[in-house]
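For the sequence shown, counting from 1, position 20 maps to 2 in the working numbering; every step adds exactly one.
Below: the structure, in structure tokens.
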Amino acid sequence: MTKDEFKTWHKSMGFTQEMAGIALGLGRSSIVQYEQGYRRDANKTTVGIPLTVALACAALSAGLAPYPTTSSFDI
């Protein structure tokens, strides 16, 4: 998933950056980094979008809920 595809995904879902972060279990700063394609440091280090995030985006687009868990805490 490219940074442009990621931006298109969250806008097509009607998500703000904050909402996308909540839906994916990520902080807003991670969302911003994925959209920009780099971290905010002096070197502008390249940041790729992990496969796990791309798969989570696909799952949310398909309307899938988180996998059921038997743990004692909610996700």
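Built from N, CA and C at the ideal position, the CB exists for glycine as well.
query                                                                                                                                      : result
DSSP has residue 49 in a bridge; who is on the other side?                                                                                 : Answer by DSSP bridge pairing: none, since residue 49 is not bridged.
Do you know how far the Cα of residue 23 is from the Cα of residue -15?                                                                    : 18 Å
Over the uninterrupted alpha helix (DSSP H) stretch that includes residue 1, give me the two end residues.                                 : -1 to 6
According to the Cβ coordinates, are residue 19 and residue 10 closer than 7 Å?                                                            : no
State buried or exposed for residue 12, treating a residue as buried only when at least 16 other CB atoms are found within 10 Å of its CB. : buried
By DSSP's criteria, residue 20 is part of a beta bridge. Which residues make up the other side?                                            : 28
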